[in-house]
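The number in the working numbering is simply the position in the sequence shown, starting from 1, with 453 added.
To start, the structure under review is shown below, and the notes come after it.
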Amino acid sequence: MNLYKKDNKVFTKVKLQKDFPILEFKGKVVDSSKLDLLSRLEISNKQSIGLSGDLDDYVNHSCNPNCKVVVIAKRAFLYTIKQLNSNDEITFDYSTVMLEGEFNCLCKFSECRKVIKPLNKLDLEIIKKYKERDIVPNFILKELNGK
């Protein structure tokens, strides 16, 4: 595997090209209401992937992500959205897979939004940028209702 965990973060061991599949989220698929907000990765309006006990549980949020979640049926995969170098932390924007709730952001990016919340509650410029970069799963795009 090209990844390692350190200090509850996931890093790449090698240089990875853009659009490279990094990992699959391996937790059990369950009704979203059965998991708390921090223990789930939403894959549809009603279903989420729970914790797996593996590296996928430690991929952190960033307001300046270098990866995206791709949902295919009831599976979710993490892909790079730009080239990554050895020892780069692997991150994605949790807002791209959230339909409800919010919690404080700790990413420390210079333009951090301070709060992680569903994509439809973010600034329209961010939504537009994410749509253009193709980093929003289809079930979230449907929820945006043309934003």
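Backbone N, C-alpha and C define an ideal beta-carbon position, used for all residues, glycine too.
| Query | Result |
| --- | --- |
| Near residue 541, which residues of its chain fall below 6 Å by C-beta distance, leaving aside the five closest residues on each side in sequence? | 465 |
| First and last residue of the beta strand (DSSP E) that includes residue 594? | Where residue 594 is concerned, there is no enclosing beta strand (DSSP E), although the alpha helix (DSSP H) it sits in stretches over 591-596. |
| Roughly how many whole angstroms lie between the Cα atoms of residue 524 and residue 591? | 8 Å |
| Taking its Cβ as the centre, do 16 or more other Cβ atoms sit within 10 Å of residue 574, making it buried, or is it exposed? | exposed |
| Reducing DSSP to helix, strand and coil, say where residue 555 ends up. | coil |
| According to the Cβ coordinates, are residue 530 and residue 474 closer than 8 Å? | yes |
| List the whole-angstrom C-beta distance separating residue 472 from residue 544, where the pair is believed to meet the contact cut-off of C-beta under 8 Å. | The pair is not a contact, with the Cβ atoms about 16 Å apart (cut-off 8 Å). |
| Taking the alpha-carbon of residue 509 as reference, which of 584, 492, 486, 589 has the nearest alpha-carbon? | 492 |
| Of all the options 489, 461, 495, 469, which has the alpha carbon lying nearest to the alpha carbon of residue 479? | 495 |
| So, with DSSP's three-state summary, where would you put residue 600? | Unreliable placement is indicated for residue 600, whose pLDDT of 45 sits below 50; the coordinate value is still reported in the next sentence. Reduced to three states, the DSSP call for residue 600 is coil. |
| Rounded to the nearest angstrom, what separates residue 477 and residue 458 at their Cα positions? | 15 Å |
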